[in-house]
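Here is the structure we will look at.
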Amino acid sequence: MKLNTHKFFSFYKLHFLLTALFLYLLFAANWIPEERILEHSNLSLQFLSENPKNDYYPSDLPPMDNESGLLSSLTPNPEYSTLWNTLLGADQGYRWNGMQTLLRPLLVFFHIGQIRYLCAVAFFLLLFGAAWKIGTKLSPGFGFFFLFSFLWADILPISYHLQHVGCFFIVFFAILLLLVKNPVFWKENAHGLTLIFYGIGAVTAFIDSMTIPVITLAIPLTIVFLSIQKYRQGSGSFKSVALCTFSWGLGYLFLVFTKWLLTVLLTGKNLFPEYASRISEECFSSIHSLAQLKQLYYENLNSFLSPAGFGMKNLLFLTLIFVGIYMILFFTGHKSPGGYAAFLPLIYIGFLPFLFYLLTPAHALLHTGTTFRGLIGTLYPFILFFFCILDTQRIKQSFHAGWKLFWRN
């Protein structure tokens, strides 16, 4: 009983500390005088007006999905400060709009064009750093597949858009945090793991503006599974993955609830019905048919391929080549069917993005670009599953024997 009480209070303390930190960051960012950011904000709006064309996103994206909308959300309201708007909910409803804690300080020194370069540099440094850490701590193959999953998803267009890159930054920092843990942590500290995922969920709710939050769950979960396979020989892997999923969901939902509670305490108004209606509209108010859904996804996939002159036929041809090579490797050496069960949590993780888009169909339809990139959370664990069921040692021996036989003849 005492142990359970201690665990409960550890979650309570973490939530309190995170809420205090987020409020402090909001106060600090909004304490910056408006005149300090006004010059670079106006320069940014001018830059965007002179370069309005954006070939990477559908033309029907909501206003807050572009940089002009993000900049406009920082301008002072004649009735309330931007901080008050955030807490009141008049800004973005149930969202914390936490990205302003990064954007407002940056606008003191840079305009949006320079911020794009800084964002892209940080993105790729963290991406390659996370891949390197996975390769050194777990397996070089795992690090390569991580990098392949991201590069295949055409992440270049969003690497320099601050309002879209928040979830990816959370993913990279989560990976680095998980991989600095020593083997003792993975063997003995299951409670610490759930606390980490509670924090990841809370940070996602603070930073993200409803782009692809599920990626901050799927990719770190994959790292957790791989680490458990290495340090615990897979014992209790599915239980740990399920508990981490639950903790992430609690962190995300409780922080949204905290935003509502703060609004009630500060204003005396219950804006929860308004929050619920906004969430319902964003997630479920789709008027698109299944035919339109297919067309949107097809056009989005085409837009990924066309800049490189890589058509759909070439994609199909390349896919057949990959499948053929894999089948050769599979029949050369694979683990027994009984051994597949150990890697089934990867299939569960891979289906999480599909579940997210099934529960939020309107969001998936209106944000096709981020939807496709969110499927990195599907691609990476699925690739790892098909890789892990191969008997690599047997394949190496078979190819080595075949190579020796070839040279003898």
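Sequential numbering from 17 applies to the sequence shown in the numbering used here.
Where is the CB? At the ideal position from N, CA and C, for every residue including glycine.
No experiment lies behind these values; they were computed from the predicted model shown.
Within the DSSP bridge table, the entry for Leu406 names His350 as partners. Per DSSP, the continuous alpha helix (DSSP H) segment holding Arg120 begins and ends at 116-125. The beta carbon of Glu204 sits closer than 6 Å to no other beta carbon from its chain once the five residues preceding and following it are set aside. A contact between stretches requires three or more CB pairs, one per stretch, nearer than 8 Å, and the stretch 227-235 fails this requirement with the stretch 270-286. Under the 10 Å beta carbon count, Val219 is surrounded by 16 or more other beta carbons and is classified as buried.
Between Leu194 and Ser243, the gap from beta carbon to beta carbon is short of 8 Å. Taking each of Ile411, Cys299, Gly252, Phe370 in turn and checking the Cα distance to Ala358, the smallest one comes out for Gly252. Taken atom to atom, the span from the alpha-carbon of Leu362 to that of Lys149 is near 20 Å. Between the beta-carbon of Tyr396 and that of Phe161 there is about 6 Å, and that keeps the pair under the 8 Å contact cut. For Leu287, no alpha helix (DSSP H) encloses it, and the DSSP letter there is neither H nor E.
With contacts defined as CB atoms closer than 8 Å, Phe27 and Leu211 qualify as a contacting pair. Residues Phe161, Phe164, Ser165 of the same chain have their beta carbon placed closer than 8 Å to that of Ile399, with the five preceding and five following residues left out of the count. The C-beta distance from Ile191 to Ile235 rounds to 7 Å, short enough to fall under 8 Å. In this structure, Gly208 sits away from Gly265, with a CB-CB distance that is not shorter than 8 Å. Spanning the alpha carbons of Thr238 and Phe401 requires a straight line of approximately 10 Å.
With distances taken between CA atoms, Gly366 lies nearest to Leu233 out of Ala36, Arg410, Gly284, Leu233.
Per the coordinates, the alpha-carbon of Leu271 lies some 27 Å from the alpha-carbon of Phe201. For Arg389, the closest alpha carbon among the candidates Gln62, Tyr373, Asn198 is that of Tyr373. Inter-segment contact for the stretch 401-416 and the stretch 349-356 is present: three or more beta-carbon pairs are separated by less than 8 Å.
Rounded to whole angstroms, the gap between the alpha carbons of His177 and Arg132 is 6 Å. Within 10 angstroms of the beta-carbon of Gly159 lie 16 or more other beta-carbons, which makes it buried. Here Val137 is exposed, its C-beta having fewer than 16 other C-beta atoms within 10 Å. Each residue's CA atom was taken as its position, placing Leu421 and Gln249 some 36 Å apart. Where Ala169 is concerned, there is no enclosing alpha helix (DSSP H), because DSSP gives it neither an H nor an E. Going by beta carbons, Tyr214 and Ser263 fall inside the 8 Å limit.
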